[in-house]
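**Q**
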Amino acid sequence: MITKSVDRQAAGQPGSRFDFGGIAETYDRWYEPRKGRACAALEKRAVEKMLPRPAPGLRLLDVGCGTGHWSAFFGVRGFKVTGVDIAPEMVAVARKRRIADAAFRLADAHSLPFADGQFDVTAAITTLECVRDAEAVVQEMVRCTRRPGGYMMLGVLNALAALNAERKAAGAPPYAAARLFSPEEVKALLAPYGEPRVAVAAFVPRIATALSLAPLTDFAGRFLRSRRGAFIVGMVAL
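The numbering of the sequence shown is this note's numbering, which starts it at 37 and goes up by one.
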C-alpha cells in the first residue's frame, strides 16, 4: 500500500511535459469516435504481436499508465499489472476501473520506486512523448526489468505520420508539448540494451468514410514497410 507522503513526493517531481490532471476524467473520450477506436485497435494488434506469451504470475509494469486503458489490455492477456503515473488524478481514475490483477500507484517514471529486476515485462505506451527525459525513463525501466529473461516494450506516436504532425502543429494539448519519435529514434533508445524489434503500425485512413478499411490499409502499410504509420512499437529482450 502506497503512503500519502510518497504520493505527495512523486506528484511534486517535475517529470512531465504536460499536466494531465485537468483532463483525467475526459481522457478516455479519445477512444469514443470511430477514428479513435480504429487507431486503438490497430495499436493493440501491433503491441500484442510483440508481447511475450504470458505465463501465470508474470509481472508487468505499465509506466505512465494514465487512466488504466493499457493496464486493462495487459491484464486481460494474463499479466499481473502494476501501473504507475505522475498525475494523481489519472491514478484515481485507473483505480476506479477496478481492473482484476492490477494495482496503481503514484510515481515519477524518472525514479521508479521498485527494486532492480522486480518485473518480467516493463512497458511504456504513449508515455515517452510527455516525459522530460525519455532516455532516463528507459534506463529506469531496464533497471526494474528481470535480467536475463525480461522484456522492455515501448509504444510511441510516430513523428513521420502526417496525422501526428498535424496535431502537434495545431498546438492542441497534449500534442503541442509532446516529443514525437521516428522509428530510428525508437531503435536508438532500445539498442543499448539488446537487439531491438521495431514495427510501425496504425495506418489509418484519413477519410472518415473509409475507416472501415482500416485493417486493410494497416496491412498494406506494414506489408510495404512504410515508416509513416501513426504508431511505433518496439521491444528488446534483456
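The C-beta atom is built at its ideal place from N, Cα and C for all residues, glycine as well. Note that the structure is a prediction, hence the values are computed from the model and not measured.
1. Bridge partners of residue 12, per DSSP?
2. Would you mind stating whether residue 107 and residue 117 have Cβ atoms separated by less than 7 Å?
3. Along the chain, where does the beta strand (DSSP E) that runs through residue 270 open and close?
4. Within a Cβ cutoff of 6 Å, which residues of the same chain sit near residue 164, ignoring the five residues on either side of it in sequence?
5. Should residue 270 go down as buried or exposed, given a rule of 16 or more other Cβ atoms within 10 Å for buried?
6. For the putative contact between residue 275 and residue 237, defined by C-beta atoms under 8 Å, what is the C-beta separation to the nearest angstrom?
7. In chain order, what are the residue ranges of uninterrupted alpha helix (DSSP H) at least 4 long that sit wholly in the region 114–176?
8. Per the DSSP calculation, residue 236 is bridged to which residue(s)?
9. Along the chain, where does the alpha helix (DSSP H) containing residue 221 start, and where does it finish?
10. One question on the structure: do residue 158 and residue 199 come within less than 7 Å of each other, judged by their Cβ atoms?
11. Based on DSSP bridge pairs, tell me the residues matched to residue 181.
12. Pick helix, strand or coil for residue 107, following the three-state DSSP scheme.
13. Could one say the Cβ of residue 177 lies closer than 7 Å to chain C's Cβ atoms, at least one of them?
14. Using 8 Å for Cβ pairs, my map puts residue 256 next to residue 239. What's the rounded Cβ distance?
15. Whole angstroms are fine: how far does the CA of residue 168 sit from the CA of residue 181?
16. Do residue 216 and residue 264 count as a contact pair if the criterion is CB distance below 7 Å?
17. Would you kindly work out how many angstroms separate the C-alpha atoms of residue 134 and residue 114, rounded to a whole number?
18. Using only alpha-carbon positions, find the residue among 57, 55 and 82 that is nearest to residue 2.
19. Using a threshold of 7 Å, state whether the C-beta atoms of residue 179 and residue 152 are closer than that.
**A** The short version:
1. In this structure the chain extends from 37 to 274, so residue 12 is not present and cannot be described.
2. For the purposes of this step, residue 107 is identified with residue 71 of the sequence shown, where counting begins at 1. For the purposes of this step, residue 117 is identified with residue 81 of the sequence shown, where counting begins at 1. Closer than 7 Å, so yes.
3. Numbered from 1 along the sequence shown, position 234 holds the residue referred to as residue 270. Run containing residue 270: 267–273, per the beta strand (DSSP E) assignment.
4. On the sequence shown, position 128 is the one that residue 164 refers to. Result list for residue 164: 170 and 192, in chain order.
5. Residue numbering aside, residue 270 sits at position 234 when the sequence shown is read from its first letter. With 16 or more other Cβ atoms within 10 Å, it is buried.
6. The displayed coordinates of the chain run from 37 to 274. Any statement about residue 275 would go beyond what the structure contains.
7. 124–132
8. Looking up residue 236 in the sequence shown gives position 200. For residue 236, which the question treats as bridged, DSSP gives the partners 268.
9. The count along the sequence shown starts at 1 and reaches residue 221 at position 185. It spans 219–226 - the alpha helix (DSSP H) in which residue 221 sits, taken as one unbroken run.
10. Sequence index remark: in the sequence shown, residue 158 carries index 122 (1-based). Sequence index remark: in the sequence shown, residue 199 carries index 163 (1-based). Result no, Cβ atoms of residue 158 and residue 199 do not sit closer than 7 Å.
11. Position 145 of the sequence shown, counted from the start, is the residue given in the question as residue 181. Paired residues: 155.
12. Within the sequence shown, residue 107 is the residue found at index 71, counting from 1. Residue state, collapsed to three classes: helix.
13. No chain C appears in the structure shown, which is made up of a single protein chain.
14. Position 220 of the sequence shown, counting from 1, holds the residue named residue 256. Position 203 of the sequence shown, counting from 1, holds the residue named residue 239. With a Cβ gap of about 7 Å, residue 256 and residue 239 count as contacting.
15. Here residue 181 is taken as the residue at index 145 of the sequence shown, counted from 1. Here residue 168 is taken as the residue at index 132 of the sequence shown, counted from 1. Whole-angstrom Cα-Cα distance: 21 Å.
16. If you number the sequence shown from 1, residue 264 lands on position 228. If you number the sequence shown from 1, residue 216 lands on position 180. No. Outside cutoff.
17. Translated into the one-based positions of the sequence shown, residue 134 becomes position 98. Translated into the one-based positions of the sequence shown, residue 114 becomes position 78. Those two C-alpha atoms are separated by around 16 Å.
18. What is shown of the chain runs 37 to 274, which leaves residue 2 out entirely.
19. Within the sequence shown, the letter at position 143 stands for residue 179. Within the sequence shown, the letter at position 116 stands for residue 152. Yes, Cβ-Cβ distance for residue 179 and residue 152 is below 7 Å.
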